[in-house]
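Participant: Just remember that my numbering sits 434 ahead of the position in the sequence shown, which is counted from 1. Input: one structure, supplied below.
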Amino acid sequence: MTIDDAPREALRGGPRDLLRWVATGAAVSRADLSRLSGLSPSTVSQRVEALISQGLLEETGAGRSRGGRRPRQLGVPTGGAVVGAIDLGAHHARVGALDLSGRVVRARTLPVRIEDGPEAVLGALLTEVATLVGNHPAADGAAVAGGSAMADGAAVAGGSAAAGALRGIGIGIPGPVQHATGRIVSPSRMPGWNGFDVAAFCAGRVDVPVIVDNDANLMALGAHRTAHPELDHAVYIKAGTGIGSGVISSGRLHRGAQGSAGDISHCRVVADPAPPCTCGNAGCLEAVASGAALVTALRGQGVPVSDLTGVIRLIDDGDRQATALARQAGRAVGEILAVVVNFFNPQVVAIGGRLADCEPLLASMRATLYERCLPLATQNLLIERVAAGQDTGITGAAHLVIDHVVAAV
Ligand SMILES: [Zn+2]
Numbered sequence: 435m436t437i438d439d440a441p442r443e444a445l446r447g448g449p450r451d452l453l454r455w456v457a458t459g460a461a462v463s464r465a466d467l468s469r470l471s472g473l474s475p476s477t478v479s480q481r482v483e484a485l486i487s488q489g490l491l492e493e494t495g496a497g498r499s500r501g502g503r504r505p506r507q508l509g510v511p512t513g514g515a516v517v518g519a520i521d522l523g524a525h526h527a528r529v530g531a532l533d534l535s536g537r538v539v540r541a542r543t544l545p546v547r548i549e550d551g552p553e554a555v556l557g558a559l560l561t562e563v564a565t566l567v568g569n570h571p572a573a574d575g576a577a578v579a580g581g582s583a584m585a586d587g588a589a590v591a592g593g594s595a596a597a598g599a600l601r602g603i604g605i606g607i608p609g610p611v612q613h614a615t616g617r618i619v620s621p622s623r624m625p626g627w628n629g630f631d632v633a634a635f636c637a638g639r640v641d642v643p644v645i646v647d648n649d650a651n652l653m654a655l656g657a658h659r660t661a662h663p664e665l666d667h668a669v670y671i672k673a674g675t676g677i678g679s680g681v682i683s684s685g686r687l688h689r690g691a692q693g694s695a696g697d698i699s700h701c702r703v704v705a706d707p708a709p710p711c712t713c714g715n716a717g718c719l720e721a722v723a724s725g726a727a728l729v730t731a732l733r734g735q736g737v738p739v740s741d742l743t744g745v746i747r748l749i750d751d752g753d754r755q756a757t758a759l760a761r762q763a764g765r766a767v768g769e770i771l772a773v774v775v776n777f778f779n780p781q782v783v784a785i786g787g788r789l790a791d792c793e794p795l796l797a798s799m800r801a802t803l804y805e806r807c808l809p810l811a812t813q814n815l816l817i818e819r820v821a822a823g824q825d826t827g828i829t830g831a832a833h834l835v836i837d838h839v840v841a842a843v
């Protein structure tokens, strides 16, 4: 299934904003929504009724009176596992069932062998989503009756009622995704996945909307909605085995024309010698600063390290070679990020992924950023770690689905 972007809301106060304000606790009543949006009470009421009729909002009881009739309080139905999410990594996948506020109801991390190919890997992960969603007590599905059932509902043992409430599945892929089609295009380190149509494959297995995006975009969306929904312009770097970024512009995920916006992995950095990259060029950021690059570089220096976990352990232990490479990686990320910050002028730059806890990398990234940026661009710039942890990706995936559902109201 192909999912187009939700139509742009020219002003604040569209159904998506109303839902977000209630979900974050900024608003608990129609009066609050009217005040926040600047819309008339009748327009707000109309939109709230539409959201309630779709099971996206509910009335939770009476609020405090200011003299007249006590206003009815609004809430987002919570607890029901109605959104499925998959955050696929190079060796593991985080799979979750979330509610309509984006809260994780249940989640699991599964080992993945990406080289087994897309059908085997995605097939197993979709089954896991069905299990996580279907395990939930059917009563929670009542608030969202009318949703579509999983096509292969037979796999959802004993959970057909809750599975019937599933609104959609968001999937993050650790490689470039053409947004309009949900197709993977020239990924590094994903043999057998090039050109694979993830959306079409999933559409043949489930009959709810499936939205596919790259993992850095999901992390960006999850981190933004969790930590800084009030900031309009943000850049999120995901530094793990690979390296990428997601961009929030005017409060929305910015994908560009094809979906490749924010893909900094093959930007060239100053490196001598310039290591060869999987894309065929040399000196790409990914070939210098990604977790995979650090593993390769250390092995090249005769250090017997098998994976990124081993590299991080060496850095934590203060190993001289590993620490020097981490600093070099931080400078490379800082160089590219300085261009991005000068060009885009974000309010916050946050780094996530497994290398985000690597102090020498972070310190040299920060120093390079201040050295290379215009003072005006860094004056009030927040530079921080992505705080939400291992569920940031699935949270972003759930918000993709929630935004899609709300856009249809
Ligand atoms: Zn490259």
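Just so it is clear, CB atoms sit at the ideal spot from N, CA and C, and this is done for glycine as well. Small disclaimer: the values here were computed from a predicted structure and weren't measured.
#1: Roughly how many angstroms lie between the CA atoms of residue 827 and residue 805, to the nearest whole one?
#2: Per DSSP, which one or two residues make a beta bridge with residue 521?
#3: Would you say the beta carbon of residue 715 is closer than 7 Å to some non-hydrogen atom of ligand 1?
#4: So within the region 670-732, which uninterrupted alpha helix (DSSP H) runs reach at least 4 residues, ignoring any that extend past its ends?
#5: Going by other Cβ atoms of all chains shown within 10 Å of its Cβ, with 16 needed for buried, is residue 562 buried or exposed?
#6: State the DSSP-derived secondary structure class of residue 540, mapped to helix, strand or coil.
#7: Mapping DSSP to helix, strand and coil, what is residue 930?
#8: From residue 706 to residue 601, what distance separates their C-alpha atoms?
#9: Residue 739 to residue 773, Cα distance in whole Å?
#10: Kindly indicate which residue of 640, 757, 523 and 755 has the alpha-carbon position closest to the one of residue 648.
#11: In three-state terms, what does DSSP make of residue 784?
#12: How many angstroms separate the CA atom of residue 587 from the CA atom of residue 468?
#13: Rounded to whole angstroms, what's the CA-CA distance from residue 928 to residue 812? Just pull it up for me.
#14: List the residues that DSSP assigns as beta-bridge partners of residue 507.
#15: Give a single yes or no on whether residue 769 has its beta carbon closer than 7 Å to a heavy atom of ligand 1.
#16: Looking only at C-alpha atoms, which of 678, 682, 687 and 535 sits nearest to residue 724?
#17: So does residue 712 have its beta carbon nearer than 7 Å to some heavy atom of ligand 1?
#18: Measuring only from the beta carbon, is residue 636 closer than 7 Å to any heavy atom that is part of ligand 1?
#19: Between 671, 764, 755 and 645, which lies nearest to residue 734 when the distance is taken from Cα to Cα?
#20: Is it the case that the Cβ atoms of residue 758 and residue 722 are separated by a distance below 8 Å?
#21: Quick check: what's the CA-CA separation for residue 719 versus residue 453?
#22: Going by C-alpha distance, which of 685, 622, 634 and 788 is nearest residue 673?
#23: Could you have a look at residue 818 and say whether DSSP puts it in helix, strand or coil?
#24: Can you grab the Cα-Cα spacing for the pair residue 808 / residue 776, in whole Å?
#25: Quick check: the region 680-692 against the region 653-667, are at least 3 beta-carbon pairs closer than 8 Å?
#26: Less than 8 Å between the CB atoms is what I'm expecting for residue 629 and residue 618, so what's the real figure, rounded?
#27: Take residue 514 as the anchor and find which of 446, 472, 731 and 832 has the nearest alpha-carbon.
#28: Below 7 Å, is the gap between the Cβ of residue 720 and the nearest heavy atom of ligand 1?
#29: Spatial neighbours of residue 485 within its chain, please: C-beta separation below 8 Å, excluding the five flanking residues on both sides.
#30: Would you say residue 611 and residue 690 are within 8 Å of each other, going by their C-beta atoms?
#31: Going by Cα to Cα distance, which pick from 761, 482 and 516 is closest to residue 802?
#32: Determine the burial state of residue 743: buried for a count of at least 16 other Cβ atoms within 10 Å of its Cβ, exposed for fewer.
#33: Roughly how many angstroms separate the alpha carbons of residue 536 and residue 736, rounded to a whole number?
#34: Considering residue 836, what are the terminal residues of the alpha helix (DSSP H) in which it resides?
#35: Quick check: does the Cβ of residue 700 come within less than 7 Å of any heavy atom belonging to ligand 1?
#36: Taking the beta carbon of residue 459 as the centre, do at least 16 other beta carbons fall within 10 Å, making it buried, or is it exposed?
Facilitator: This is what the structure gives:
#1: C-alpha separation (whole angstroms): 31 Å.
#2: DSSP output for residue 521 lists 528 and 606 as bridge partner(s).
#3: Yes, since a heavy atom of ligand 1 falls inside the 7 Å radius drawn around the Cβ of residue 715.
#4: You should have 719-723.
#5: Residue 562 is classed as buried because its beta carbon has at least 16 other beta carbons within 10 Å across all chains shown.
#6: If DSSP states are grouped into helix, strand and coil, residue 540 belongs with the strands.
#7: The chain is shown only over 435 to 843; residue 930 falls outside these bounds and no answer can be derived.
#8: Roughly 50 Å between the two C-alpha positions.
#9: So the alpha carbons of these two residues sit roughly 33 Å apart.
#10: Answer by Cα proximity: 523.
#11: Looking at residue 784 - three-state DSSP - the assignment turns out to be strand.
#12: With a pLDDT of only 30 at residue 587, under the threshold of 50, the placement of this residue in the model should not be trusted; the figure read from the coordinates follows. Residue 587 and residue 468: Cα-Cα distance of roughly 41 Å.
#13: This structure cannot settle anything about residue 928, because the visible part of the chain is limited to 435 through 843.
#14: DSSP output for residue 507 lists 495 as bridge partner(s).
#15: Annotation for residue 769 indicates a beta carbon at 7 Å or more from all heavy atoms of ligand 1.
#16: Taking residue 724 as reference, the option from 678, 682, 687 and 535 with the minimal CA-CA separation is 678.
#17: Within the cutoff, so yes.
#18: Taking non-hydrogen atoms of ligand 1 into account, the C-beta of residue 636 is found less than 7 Å away from none of them.
#19: Nearest C-alpha to residue 734 among 671, 764, 755 and 645: 755.
#20: Contact flag unset, no.
#21: Rounded to whole angstroms, the separation of the alpha carbons of residue 453 and residue 719 is 39 Å.
#22: The option with the nearest alpha carbon to residue 673 is 788.
#23: For residue 818, the secondary structure class from DSSP, reduced to helix, strand or coil, is strand.
#24: Distance between residue 808 and residue 776, taken at the CA atoms: about 6 Å.
#25: Yes, the region 653-667 is in contact with the region 680-692.
#26: Between the beta-carbon of residue 629 and that of residue 618 there is about 7 Å, and that keeps the pair under the 8 Å contact cut.
#27: Ranked by how close their Cα comes to the Cα of residue 514, the residues 446, 472, 731 and 832 have 832 in first place.
#28: Residue 720 Cβ: within cutoff of ligand 1.
#29: Once the five neighbours on either side are set aside, the close Cβ partners of residue 485 are 449, 452, 453, 491, 840 and 843.
#30: Going by C-beta atoms, residue 611 is not nearer than 8 Å to residue 690.
#31: Ranking the options by Cα distance to residue 802, first place goes to 761.
#32: Residue burial annotation: residue 743 is exposed, with fewer than 16 other C-beta atoms found within 10 angstroms of its C-beta.
#33: Going by the C-alpha atoms only, they are around 45 Å apart.
#34: Per DSSP, residue 836 belongs to the alpha helix (DSSP H) from 826-841.
#35: Yes, the Cβ of residue 700 comes within 7 Å of a heavy atom of ligand 1.
#36: By the 16-neighbour rule on beta-carbons within 10 angstroms, residue 459 is exposed.
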